[in-house]
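If you read the sequence shown in our numbering, its first letter stands for residue 16, the second for the next number, and so on.
These notes are about the structure you will find just below.
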Amino acid sequence: MATKYVEWGCCAKDNETDENLVDEKFIKCTSCGQSYHYACLSVTESPNKSWKCPTCLSCAPKVNRKDSTPIRNVQMNRGNKRVAIGSPSPPPIASNKDEIRTMIRDIIKTEFNLILTQFNKTVVSTINQEMEPIRKEIQEVVASMSFMNDRFEAFEKSQQFTVEVIKNLESENKELKNTRSSN
């Protein structure tokens with residue numbers, strides 16, 4: 016299979032011989048002989064037979080033109096590339112939004128839990144510091160009450176003993192009176 020050598024003026028690099036590029040529709044400049052793809056020129060059908068490329072047109076004298084507008088330099092870029100067959104389709108945007116929303120929600124939840132934990136520790140620490148003097152005072156009151164309770168129980172025992180002694184003495188006194196009156 017013989018390959019054709021074509022001098023490209025548009026998209027082909029270094030005028031390489033490429034069968035895919037040669038097989039596409041192209042047009043040849045009548046002035047310089049360079050070839051241009053229809054897709055690079057954004058045309059669908061062949062222009063007239065005396066077609067000149069944008070480079071040759073910009074170099075041509077502007078005698079026939081009645082305006083003084085300069086011709087801008089047109090770059091020949093190949094159009095959008097065709098999508099490869101069997102290429103994966105881009106993921107739907109909605110699922111990306113849902114994933115991002117879920118990730119943000121998880122991050123916020125984690126941060127909120129950390130802040131809440133720190134807040135709880137701070138509150139507990141502050142309450143413990145404020146309650147420490149009260150706790151000491153309560154312990155002192157409990158110790159004092161315990162001491163007073165012990166003293167009260169000792170006094171109560173002493174009084175019960177005294178009551179019993181008095182009863183015994185009364186009983187002896189009664190007996191003595193009875194014995195004396197019987198004598």
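Even for Gly, the Cβ is constructed at its ideal location relative to N, Cα and C.
No experiment lies behind these values; they were computed from the predicted model shown.
Check the Cα spacing between ASN63 and each of SER73, SER57, CYS44, ALA54: the tightest is with CYS44. DSSP, reduced to helix, strand and coil, places LYS43 within a strand of the structure shown. SER73: member of the alpha helix (DSSP H) spanning 69-74, first to last residue. Distance from the CA atom of VAL138 to the CA atom of MET160, rounded to whole angstroms, is 32 Å.
When the beta-carbon positions are compared, ILE42 and TRP66 come within less than 8 Å of each other.
Note that the C-beta distance between GLU60 and HIS52 is not below 8 Å.
DSSP, read as helix, strand or coil, puts SER50 in strand. Within a 10 Å sphere around the beta-carbon of SER50 sit 16 or more other beta-carbons, which makes this residue buried. When only Cα atoms are considered, GLN133 and ASN111 end up about 33 Å apart. Residue environment analysis places CYS25 among the buried positions, since at least 16 neighbouring C-beta atoms fall within 10 angstroms of its C-beta. CA-to-CA, the gap between ARG166 and LYS189 works out to about 34 Å.
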